[in-house]
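Undergrad: Structure incoming, see below.
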Amino acid sequence: MKILALALLVSACASPLDETATSAAVANPPLDLDGLPDLFVREDILSQKWEVRDIDIVAGSCEQIEGNITPGERHVVRFAVGTANIGDADLLVGDPNEAVNQGLFEFAECHHHFHFRNYAKYELVDPVTSTTWRAAKRGFCMIDIEKNPKELGAPDRPRIFDACGAIGIPGFQGISRGWTDTYNTSLPGQYFVLDGGDGQPAVPPGDYLLRITANPPFKATAGEPCPFKDANHMCHMLPESNYTNNVTQITVTL
Numbered sequence: 001m002k003i004l005a006l007a008l009l010v011s012a013c014a015s016p017l018d019e020t021a022t023s024a025a026v027a028n029p030p031l032d033l034d035g036l037p038d039l040f041v042r043e044d045i046l047s048q049k050w051e052v053r054d055i056d057i058v059a060g061s062c063e064q065i066e067g068n069i070t071p072g073e074r075h076v077v078r079f080a081v082g083t084a085n086i087g088d089a090d091l092l093v094g095d096p097n098e099a100v101n102q103g104l105f106e107f108a109e110c111h112h113h114f115h116f117r118n119y120a121k122y123e124l125v126d127p128v129t130s131t132t133w134r135a136a137k138r139g140f141c142m143i144d145i146e147k148n149p150k151e152l153g154a155p156d157r158p159r160i161f162d163a164c165g166a167i168g169i170p171g172f173q174g175i176s177r178g179w180t181d182t183y184n185t186s187l188p189g190q191y192f193v194l195d196g197g198d199g200q201p202a203v204p205p206g207d208y209l210l211r212i213t214a215n216p217p218f219k220a221t222a223g224e225p226c227p228f229k230d231a232n233h234m235c236h237m238l239p240e241s242n243y244t245n246n247v248t249q250i251t252v253t254l
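If you count by the working numbering, then the sequence shown holds residues 1 to 254, one letter each, in order.
Structure (structure tokens):
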């Protein structure tokens with residue numbers, strides 16, 4: 001079982017991703033190049049790693065600027081997200097310096113590194129009114145962090161994807177079959193602001209749904225890339241064998 005590289009699914013025409021896929025095919029250990037990946041948000045990580053706390057937002061910091069957050073002490077709920085590849089193939093992204101030409105990444109002026117387009121969606125939902133709050137966190141790197149638990153069919157394979165890369169610095173991104181990419185609670189922006197300090201309404205105390213969508217569907221606007229489509233003709237940035245299992249949610253009391 002080996003993966004089908006992103007560029008081969010997008011087009012038969014030559015592109016920078018074709019070169020990435022060619023060089024990655026001889027990676028050590030070798031990639032799995034047949035089949036398709038399948039992304040799944042791990043409930044065990046989400047349910048065990050969330051917390052409500054106060055944090056200090058520094059004026060002029062990237063999380064303050066990108067999240068449009070009022071500087072100072074903010075009341076937030078932090079959470080961790082683990083995106084597992086439970087498919088029968090590796091998800092190859094490769095070097096963001098090349099993939100950016102396919103619209104998978106966009107350059108973040110503040111951080112001076114690449115951000116994914118439409119990699120994940122974080123929502124805090126009132127189950128009674130359906131009022132929804134959004135987190136400002138943007139995905140910037142996709143690599144193997146931890147092996148999947150046995151119940152998700154973790155194979156005995158070593159880590160393959162291990163380099164985020166940066167401007168002018170080659171990366172090697174993706175999620176191997178049987179591995180998880182984890183964004184921990186300590187990362188900047190990995191939270192919802194609860195006190196209204198980000199321009200959204202303050203979140204009243206109560207029970208809420210913390211909902212995470214990996215590789216979310218979207219409707220492409222004019223000029224926006226739409227690399228892959230699901231059965232409902234919605235766009236996705238990454239190829240998968242199953243787009244129906246990308247949402248995980250838990251109940252949190254705030």
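Cβ coordinates follow ideal geometry from the N, Cα and C atoms, glycine included.
Using alpha carbons as the reference points, say which of Lys150, Asn184, Met142 lies closest to Gly165.
TA: On the sequence shown, residue 165 is found 165 positions in, with the first residue counted as 1. Ranking Lys150, Asn184, Met142 by Cα distance to Gly165 puts Met142 first.
Undergrad: Taking just the CA atoms, how far does Ala154 sit from Gly189?
TA: Numbered from 1 along the sequence shown, position 189 holds the residue referred to as residue 189. Numbered from 1 along the sequence shown, position 154 holds the residue referred to as residue 154. Their backbone Cα atoms lie some 30 angstroms apart in a straight line.
Undergrad: Roughly how many whole angstroms lie between the Cα atoms of Lys150 and Gly196?
TA: To locate residue 150, count along the sequence shown from 1; it is residue 150. To locate residue 196, count along the sequence shown from 1; it is residue 196. Their backbone Cα atoms lie some 41 angstroms apart in a straight line.
Undergrad: Could you please give the first and the last residue of the uninterrupted alpha helix (DSSP H) stretch that includes Ile65?
TA: To locate residue 65, count along the sequence shown from 1; it is residue 65. It spans 62-66 - the alpha helix (DSSP H) in which Ile65 sits, taken as one unbroken run.
Undergrad: Rounded to the nearest angstrom, what separates Asn68 and Asn118 at their Cα positions?
TA: As a working note, residue 68 is residue 68 in the sequence shown. As a working note, residue 118 is residue 118 in the sequence shown. Those two C-alpha atoms are separated by around 19 angstroms.
Undergrad: With distances taken between CB atoms, is the gap from Asp95 to Pro170 smaller than 8 angstroms?
TA: Here residue 95 is taken as the residue at index 95 of the sequence shown, counted from 1. Here residue 170 is taken as the residue at index 170 of the sequence shown, counted from 1. Closer than 8 angstroms, so yes.
Undergrad: For Ser47 versus Ile250, is the C-beta distance shorter than 8 angstroms?
TA: Indexing the sequence shown from 1 puts residue 47 at position 47. Indexing the sequence shown from 1 puts residue 250 at position 250. Yes, Cβ-Cβ distance for Ser47 and Ile250 is below 8 angstroms.
Undergrad: Return the first residue and the last residue of the alpha helix (DSSP H) that Leu46 is part of.
TA: Stepping through the sequence shown from its first residue, residue 46 is reached at position 46. From DSSP, the alpha helix (DSSP H) with Leu46 extends over 43-48.
Undergrad: Along the chain, where does the beta strand (DSSP E) that runs through Arg211 open and close?
TA: The residue labelled residue 211 in the question sits at position 211 within the sequence shown. That run of the beta strand (DSSP E) goes 207-214.
Undergrad: Could you tell me the alpha carbon to alpha carbon distance between Phe161 and Thr213, rounded to whole angstroms?
TA: Taking the sequence shown and counting its residues from 1, one reaches residue 161 at position 161. Taking the sequence shown and counting its residues from 1, one reaches residue 213 at position 213. Distance between the alpha carbons of Phe161 and Thr213: 22 angstroms.
Undergrad: Within 10 angstroms of its Cβ, does Val84 collect 16 or more other Cβ (buried), or is it exposed?
TA: Counting from one through the sequence shown, the residue named residue 84 turns up at place 84. In the sequence on display, residue 84 carries Ala and not Val. Per the 10 Å Cβ criterion, buried.
Undergrad: In the DSSP output, what is Gln249 paired with across the bridge?
TA: Translated into the one-based positions of the sequence shown, residue 249 becomes position 249. For Gln249, which the question treats as bridged, DSSP gives the partners Arg211.
Undergrad: Could you tell me the boundaries of the beta strand (DSSP E) in which Lys121 lies?
TA: Start at 1 with the first residue of the sequence shown, and residue 121 comes out as number 121. Run containing Lys121: 120-125, per the beta strand (DSSP E) assignment.
Undergrad: Just curious, the beta strand (DSSP E) that Ile175 is in, first and last residue?
TA: The count along the sequence shown starts at 1 and reaches residue 175 at position 175. Segment 173-175, the beta strand (DSSP E) holding Ile175.
Undergrad: Within 10 Å of its beta-carbon, does Pro239 have 16 or more other beta-carbons around it, so buried, or fewer, so exposed?
TA: Translated into positions along the sequence shown, residue 239 becomes position 239. By the neighbour-count rule (16 or more Cβ atoms within 10 Å), Pro239 is buried.
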